[in-house]
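The next block holds one structure in the form of structure tokens; read it before the comments.
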Amino acid sequence: MTITVYGIPNCDTVKKARTWLAEHQHAFEFHDFKKQGLTRDTVADWLKHLSRDVLVNRKGTTWRALSDERKASITDDEAAIALMLENPSVIKRPVLVKDDQYAVGFSDAQYQQIFKG
């Protein structure tokens, strides 16, 4: 089983997810996408399993700081990929990849479901 958590270390939601995984003895790799970056292939893979409406955090300060024209231009996955690569802070965090399962955000109930059995 391979588990990767994508995010930034100072994000409270990422901290909660990492703490939950550690407390439940799930070994995982943490990928800090601010320091380690993201590839187009990684983001495109996420979009095969998650919608851009889930991945792009339209409630965050990064999104709100974008021009109205830039916001309006996010009409397809290619535009969403370009935005996420240009501004990784616009990605809702954390992105969890566990084998073939993909999840965004964190809640105890959500992780209990993903890691049951």
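Sequence positions in the sequence shown follow my numbering and run 8 to 124. Think of the CB as a built atom: it goes at the ideal place given N, C-alpha and C, for glycine as much as any other residue. Note that the structure is predicted; figures quoted are calculated from it, not measured.
Is it the case that the Cβ atoms of Val50 and Arg100 are separated by a distance below 7 Å?
In the sequence shown, the residue the question calls residue 50 occupies position 43. In the sequence shown, the residue the question calls residue 100 occupies position 93. Against a cut-off of 7 Å, the Cβ pair of Arg100 and Val50 comes out as no contact.
Do the stretch 61 to 73 and the stretch 26 to 42 touch if we need at least three Cβ pairs shorter than 8 Å?
The answer is no - the stretch 26 to 42 does not touch the stretch 61 to 73, with fewer than three Cβ pairs under 8 Å.
Tell me where the alpha helix (DSSP H) around Ile10 begins and ends.
Stepping through the sequence shown from its first residue, residue 10 is reached at position 3. No alpha helix (DSSP H) holds Ile10; the beta strand (DSSP E) holding it covers 10 to 14.
If you drop the 5 nearest sequence neighbours on each side, which residues of the same chain put their C-beta closer than 6 Å to that of Phe35?
Numbered from its first residue, the sequence shown carries residue 35 at position 28. Cβ neighbours of Phe35 beyond the five flanking positions: Ile10, Val12, Leu28.
For Gly14, collect the residues of the same chain with a Cβ closer than 6 Å to its Cβ; drop the 5 residues on either side in sequence, then sort them by chain order.
Along the sequence shown, read from residue 1 onward, the residue named residue 14 stands at position 7. For Gly14, where only same-chain residues beyond five positions count, the Cβ hits under 6 Å are Val21, Arg100, Pro101.
Mapping the DSSP letters down to three states, classify Asp81 as helix, strand or coil.
Residue 81 sits at position 74 when you count from the first residue of the sequence shown. The question names Asp, yet the displayed sequence has Ile at residue 81. Note: Ile81 maps to coil in three-state DSSP.
State the start and end residues of the unbroken beta strand (DSSP E) segment that holds His33.
Indexing the sequence shown from 1 puts residue 33 at position 26. Taken as a continuous stretch (DSSP letters only), His33 belongs to no beta strand (DSSP E), as it is neither H nor E.
When the Cα of Gln120 is compared with those of Asn17, Asp19, His31, Cys18, which residue comes out closest?
Residue mapping note: residue 120 aligns to position 113 of the sequence shown, counting from 1. Ranking the options by Cα distance to Gln120, first place goes to His31.
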